[in-house]
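First residue of the sequence shown? That's 1007 in the numbering used here, and the numbers climb one at a time after it.
Working notes for the structure below.
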Amino acid sequence: MDSSTNAPRAQHIAILLPSLAGGGAERSMLNLARSFSQQGRKVDLLLFRPEGAYINDVPELVRVIELKAGNSLSGRLLTARADPAGISTLLKPVLLPLKADSSIRHIHTLKQYMEMQQPDIILSALTYTNLAVLWAKQLSRVKVPVVVSERIALSMHRRSDKRQHRWRWRFMLPMVKRTYRFADGIVAVSDSVANDLHRNVQIDRGSITTIYNPVVDDMLSKLAAQPLNHPWFEPGQPPVILGVGRLIPQKDFQTLLRAFATLHEKKKIRLVILGEGRQRAELTELAQKLGVENDVDMPGFVDNPYQYMAHASVFILTSLYEGLPGVLIQALACGCPVISTNCPGGSAEILDNGKYGYLVPVQHNEKLVNAIHSTLLTPPSREQLKARAALFSTSTAAQQYLDLLDKIIPCTGSETTLAGKYSPT
């Protein structure tokens, strides 16, 4: 038997993202890129915009490639060319809106990348980016396999606070169903997300692979151990409640503030919310209205939230919906007691249905207050929390991805590109 058949097939992997904004998807894909490159795979990081909070965290061995944007009209035309039989499905979410999603402006450069660089496989994250690369694949003369990953329950988009967004997503789900059939693999970050794809997008459940996000690694532990320069975390200070995330409606920090204010009336506690977003002014005003502004700190985005997690008395996730919330896993890895809403997404999976932290109904102030009080009164074992988080290690997720990617790529000798088997240049 030829030993070459046992060699990894995915030698050249491209990872596609819109940018390196400071979100969970970006952090997860960076962790994968680092792990893939450390295992000797050639990794290209494809970005529509080479910017964002994590841009300086790109591993040295990973090549960053900017995919420049064309104009919106050409993007619409290319979308129609990619799936001419699906024009009726594409009309309302992509072809007709005055302001279509910017991802379609990168279809041409995605197609060029496939034809010129000929990677063995492309791994994409985030829905609009996934759609763009699948349309590019249909147009490309080089049929590069594409694996798409979904991070949240898509049905939740129809609950957006933006009316235009809700309107578009009424028509997005049929388009996702139609376009995802071009994918060579579909990954969901939790069983909850996978089940949502099956129920609401009618994608065969057997064709969806669940791989938890790569969250916990040695670097997280090192960062968590760094000294924290914040007066509220000095010995002898009142307990500090911690929230982390973008200041957007999905994260529902209003409920966290109200629950904090309720308990604040009975107990000396403080609240720190890490993150930035369009609701900063609204949340600041709410803290003032509730009379707790002197015990609420919102320092914005921080490079190292793990220091805070390691020192906080309890971490709280109040999201309306999630995919697989990495911050919840990170808090566990730091040994921080956690509370989460039992929202659509992977929170219940992470906490083993409440075994490793309270699960409370979404937007339920009283039950959240009770959960905070109980956790502060009787905190769980920090070592048990760390052990639970180890299930979501980067090494485990990276190997599961590599196994999937290697399995998808045709055997050596198959005609997968114009030039046959890819040869490094």
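Glycine included, each C-beta is placed from N, C-alpha and C at the ideal position.
Every value quoted in this text rests on a predicted model; they were computed, and no experiment measured them.
How many Å lie between residue i and residue j at the Cα?
i       : j       : result
TYR1407 : ILE1217 : 7 Å
ALA1138 : HIS1112 : 7 Å
ARG1157 : MET1181 : 17 Å
PRO1385 : GLY1297 : 27 Å
LEU1326 : ASN1348 : 9 Å
PRO1255 : GLN1369 : 12 Å
VAL1148 : GLU1121 : 5 Å
LEU1229 : TYR1060 : 15 Å
LEU1052 : ALA1020 : 7 Å
GLY1081 : HIS1114 : 8 Å
MET1225 : CYS1340 : 12 Å
GLU1389 : GLY1329 : 25 Å
ASP1126 : ASN1136 : 17 Å
ARG1015 : GLN1045 : 13 Å
GLN1336 : ALA1393 : 12 Å
SER1043 : GLY1076 : 30 Å
ARG1211 : SER1078 : 34 Å
ALA1106 : PRO1065 : 33 Å
ALA1403 : LEU1338 : 17 Å
ALA1013 : LEU1253 : 45 Å
HIS1163 : LYS1413 : 32 Å
VAL1344 : ILE1356 : 11 Å
ASP1301 : CYS1342 : 20 Å
MET1178 : THR1095 : 8 Å
Give the DSSP-derived three-state secondary structure of residue i in the structure shown.
i       : result
TYR1218 : coil
SER1041 : helix
ARG1205 : helix
VAL1193 : strand
LEU1073 : coil
ASP1210 : coil
VAL1049 : strand
ILE1275 : coil
GLU1057 : coil
SER1155 : strand
LEU1160 : helix
TYR1186 : helix
LEU1269 : helix
ALA1020 : strand
LEU1026 : coil
LEU1067 : coil
For residue i, is the classification buried or exposed, using 16 other Cβ atoms within 10 angstroms of its Cβ as the cut-off for buried?
i       : result
LEU1023 : buried
ARG1205 : exposed
ILE1093 : exposed
ALA1395 : buried
LEU1104 : exposed
LEU1129 : buried
PRO962  : Residue 962 lies beyond the stretch modelled for the chain, which goes from 1007 to 1431, so this question has no answer here.
PRO1331 : buried
ASP1358 : exposed
GLU1032 : buried
SER1387 : exposed
ASN1037 : buried
LEU1323 : buried
ASP1309 : exposed
ARG1087 : exposed
HIS1313 : According to the sequence displayed, residue 1313 carries Gln and not His. Buried: at least 16 other Cβ atoms inside 10 Å.
LYS1117 : buried
ALA1231 : exposed
LEU1102 : exposed
Between residue i and chain D, is there a C-beta pair that is closer than 8 Å?
i       : result
GLU1288 : Absence of chain D from the displayed structure is noted, only one protein chain being present.
For the ligand GDP, I want to know if residue i counts as a neighbour, meaning its beta carbon is within less than 7 Å of at least one of the ligand's heavy atoms.
i       : result
PRO1255 : Summarising the ligand content, the structure contains no ligands, and the ligand GDP is consequently not present.
Checklist line | Every unbroken alpha helix (DSSP H) inside the region 1288-1357 [4 residues or more] | finding: 1312-1317, 1332-1339, 1353-1356
Margin query: For the structure I just gave you, are there three or more beta carbon pairs, one from the region 1254-1269 and one from the region 1310-1320, closer than 8 Å?
Written below: no
Check: Do the region 1373-1387 and the region 1199-1218 touch if we need at least three Cβ pairs shorter than 8 Å?
Finding: no
Checklist line | Whole runs of the alpha helix (DSSP H) within the region 1075-1148, excluding any shorter than 4 residues | finding: 1078-1088, 1093-1096, 1113-1123, 1133-1145
Next item on the list: Could you say if the region 1183-1199 and the region 1347-1367 meet the contact criterion of at least three C-beta pairs nearer than 8 Å?
Entry: yes
Note to self: Under 8 Å: do the region 1221-1235 and the region 1269-1283 share three or more Cβ pairs, one atom per stretch?
What the structure shows: no
Next item on the list: Tell me the start and end of each unbroken beta strand (DSSP E) in the region 1215-1257 that is at least 3 residues and wholly inside, in chain order.
Entry: 1246-1250
Next item on the list: Give, in chain order, every unbroken run of the alpha helix (DSSP H) that is at least 4 residues long and sits entirely within the region 1367-1428.
Entry: 1371-1383, 1388-1395, 1400-1414
Note to self: I want to know whether the region 1070-1088 touches the region 1035-1055 - three or more CB-CB distances under 8 Å.
What the structure shows: yes
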